[in-house]
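Visitor:
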Amino acid sequence: GQRIKRGYHYRTLSHFKRGDVSAEANGFVRSNFKQGLSPTEYFFHSMGGRESLVDTAIRTGRSGYMQRRLINALQDLEVYPDGTVRGDGGVIVQFKYGEDGIDPMKKEYLNNGDYEKARVVPGEAVGTVAAQSIGEPGTQMTLRTFHYAGVAELSVPLGLPRLIEIIDAKRTPKNAIMTIFLEEKFRKDKKEAEKIAERLQEKFLHDVCKINIDVDKKELRIKTKDKEAQDILEELTGEKGERGNFIITKESLYDLKKLMNRLTKKRLSGVKGIRRTFVREFNKEYVIYTEGSNLKPVLNTPGVDQSRTTTNDIYQIYETRGIEAARNAIVEEAMKVLKEQNLDVDIRHIMLVADQMTITGELQAVGRTGISGAKESVLARAAFEETEKHILNAAIYGEVDTLDGVAENIIIGQSIPVGTGTVELAVNLDASKKRKKGSKSKKSK
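Using our numbering, you'd call the opening residue of the sequence shown number 3 and step up by one each time.
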């Protein structure tokens, strides 16, 4: 996925001269398998092969664990006869499966007029099907970070790591980015867009100052030409800087280092968390892209269009816009990841995961810290992870398991309350045989 690194004295292998910039010395394989590879080509080819082998091994483990967590969180969800999707204890998760009640598989081969035939069957284990449908393509996803479309300087996690990040409901995603749209009077003006971008970007004291420690004299020397920085330095240090020059003396180097760290981290302007900003043209208007995210203060910035500005940080959306917006963000972000990898997963499966994650009114992770750990059933919690902890707590507090879910019924050897197991009506075969015999004897008479 990248060019061979020149780590060994500026050469990729010891077979090449130092500073060799030819294609062959940088890992280019010119020959094909029919002609045969040269020793150096074979070596580079092996490097690529090993990388993909390791990548596959890691990906299999990570996607397998993701699927296990999804299955455990969604296994109790089924379609009821009234068309609703309900979970443990009959809690309604969706009023209609996938918002239209259609089975994703049946809709592939039925015509438009066959709505009744395409409807999902009551008792269908839609939760398990959704978990498997998302988990299965996981092994085909990449583990790499890609550059953001339109902004080469921005790196965004895509593929499996991003999907795991979404279902984990992480408070701090690895590469948070924002897409900031501007109000009508600013969106066509590049200079105005750049001014807003500059106001948003964090500016620290170390960006406008030179800070050095003189170890021998135990002095901290600061030079700055920025008037605002000079005022802040005077306030923080209690020293009067002559023409932007500050000399601060301390008894120990430890105190100097401590002061230096404090001054270095001091933010002069900008929004906390917005590390860099980029102005790019998109659909005949100027849009600001950011590295880092902080939705609330950005939305309150003059000139920013609040209705269209977005972030890929789902937790910030939940805190700022509410649970329904977070639910929509989960669906949108997960679908974006899958489409980027050219994987066709029906949106109904993603919607079910998003609804289960947000059903309580709060954002819950798929795993032991969220949905699985909050289950009513002791056996279901113990069957997933931290078995001893859950059984011990259940014994201490005298919990009772009502055996409403899938895992707990499997543990005790009963039929699961999903699919045919949901039906409690049974045919009395003896009575029906007697009725048949009675009707035959009447006919013979």
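A virtual CB, placed ideally from N, CA and C, is assigned to each residue, including glycine.
In this text, all values refer to a predicted model and were calculated from it rather than measured experimentally.
Name, in chain order, the residues that DSSP records as bridge partners for arginine 121.
Guide: For arginine 121, which the question treats as bridged, DSSP gives the partners Ile104.
Visitor: By Cβ distance below 8 Å, which residues in the same chain neighbour serine 65 in space, the five residues on each side in sequence not counted?
Guide: Gly137, Gly140, Thr141, Met143 and Leu162
Visitor: Contact defined as beta carbons within less than 8 Å: I believe glycine 1 pairs with valine 81. What is the distance between those atoms, to the nearest angstrom?
Guide: Nothing about residue 1 can be reported from this structure: the residues present for the chain run from 3 to 447 only.
Visitor: Measuring only the C-alpha atoms, how far is glycine 51 from glutamine 343?
Guide: 21 Å
Visitor: If I'm right that glutamate 410 touches alanine 433 with Cβ under 8 Å, what's the distance once you round it to whole angstroms?
Guide: About 33 Å; that fails the 8 Å criterion.
Visitor: Leaving out five residues on either side along the sequence, give the residues of the same chain with a beta carbon under 6 Å from the beta carbon of valine 131.
Guide: none
Visitor: Cutting at 7 Å between CB atoms, please list the residues of its own chain near alanine 178, excluding the five before and the five after it.
Guide: Gly294, Ser295, Thr313, Asn314 and Asp315
Visitor: Please return the same chain residues whose Cβ sits closer than 7 Å to the Cβ of glutamate 15, not counting the five positions on each side in sequence.
Guide: Checking the displayed sequence, the identity of residue 15 turns out to be leucine instead of glutamate. Thr42 and Phe45.
Visitor: DSSP on glutamine 358, reduced to helix/strand/coil?
Guide: Helix at glutamine 358.
Visitor: Candidates Phe183, Val300, Pro419 and Met337: which alpha carbon is nearest asparagine 285's?
Guide: Phe183
Visitor: Could you tell me the alpha carbon to alpha carbon distance between tyrosine 12 and phenylalanine 18, rounded to whole angstroms?
Guide: Here the C-alpha atom of tyrosine 12 lies approximately 10 Å from the C-alpha atom of phenylalanine 18.
Visitor: Quick test of your reading: isoleucine 215 and leucine 222, contact by CB under 8 Å. State the CB separation rounded to the nearest angstrom.
Guide: 6 Å
Visitor: Thinking glycine 129 and leucine 55 are a contact (beta carbons under 8 Å), I'd like their distance in whole angstroms, please.
Guide: Contact doesn't hold; Cβ gap of about 34 Å is too wide.
Visitor: Using the C-alpha atoms, what's the distance from isoleucine 104 back to glycine 125?
Guide: 14 Å
Visitor: With distances taken Cα to Cα, identify the nearest neighbour of glutamine 203 among Ser254, Ile169, Ser271 and Ile168.
Guide: Ser271
Visitor: Can you say whether glutamine 77 is buried or exposed, counting buried as having 16 or more other CB atoms within 10 angstroms of its CB?
Guide: buried
Visitor: Give the secondary structure of phenylalanine 45 by DSSP, where H, G and I count as helix, E and B as strand, and everything else as coil.
Guide: helix
Visitor: Going along the chain, which unbroken runs of the beta strand (DSSP E) with 3 or more residues stay wholly within the segment 225-307?
Guide: 247-251, 269-271, 278-284 and 287-293, all fully within the segment 225-307.
Visitor: Which residue from Lys260, Glu253, Ala75 and Pro299 puts its Cα closest to that of glycine 275?
Guide: Pro299
Visitor: Hey, threonine 266 and lysine 220: beta-carbon distance below 8 Å or not?
Guide: no
Visitor: Mapping DSSP to helix, strand and coil, what is valine 339?
Guide: Residue state for valine 339 is assigned as helix, using DSSP reduced to three classes.
Visitor: How close, in whole Å, do the beta carbons of threonine 360 and alanine 328 come, if the pair is a contact with beta carbons under 8 Å?
Guide: Confirmed, Cβ separation roughly 6 Å.
Visitor: Roughly how many angstroms lie between the CA atoms of glycine 421 and glycine 92, to the nearest whole one?
Guide: 15 Å
Visitor: With a CB to CB cut of under 6 Å and the five nearest residues on each side skipped, what residues in its chain are close to glycine 457?
Guide: One cannot answer for residue 457 here, as it falls past the ends of the chain, which runs 3 to 447.
Visitor: What does DSSP give as the partner residue(s) for lysine 205 in the beta ladder?
Guide: As a beta-bridge residue in DSSP terms, lysine 205 pairs with Ser271.
Visitor: The beta strand (DSSP E) with valine 1 in it runs from where to where?
Guide: In this structure the chain extends from 3 to 447, so residue 1 is not present and cannot be described.
Visitor: Leucine 301 to phenylalanine 188, Cα distance in whole Å?
Guide: Rounded to whole angstroms, leucine 301 and phenylalanine 188 show a C-alpha spacing of 15 Å.
Visitor: Tell me whether the beta-carbon of alanine 356 lies closer than 8 Å to the beta-carbon of threonine 279.
Guide: no
Visitor: Which stretch, first to last residue, makes up the beta strand (DSSP E) that contains threonine 322?
Guide: Here threonine 322 belongs to no beta strand (DSSP E); instead the alpha helix (DSSP H) covers 316-323.
Visitor: If you draw a straight line from the C-alpha of glycine 29 to the C-alpha of arginine 8, how long is it?
Guide: Cα-Cα distance, rounded: 10 Å.
Visitor: Look at the alpha carbon of leucine 156 and the alpha carbon of threonine 292, and state the distance between them as a whole number of angstroms.
Guide: 8 Å
Visitor: From this set, Glu334, Pro304 and Leu297, which residue's C-alpha is nearest glutamine 318's C-alpha?
Guide: Comparing alpha-carbon positions, the option among Glu334, Pro304 and Leu297 lying closest to glutamine 318 turns out to be Leu297.
Visitor: Over what stretch of residues does the alpha helix (DSSP H) that includes threonine 130 continue unbroken?
Guide: 128-137
Visitor: Could you say which of Ala195, Ser417, Lys192 and Ser135 lies nearest to arginine 70 if we only look at CA atoms?
Guide: Ser135
Visitor: Indicate whether tyrosine 320 and alanine 195 have their beta-carbon atoms separated by less than 8 Å.
Guide: One thing to note: tyrosine 320 has its Cβ no nearer than 8 Å to the Cβ of alanine 195.
Visitor: Name the two residues that bound the continuous alpha helix (DSSP H) containing lysine 391.
Guide: 389-399
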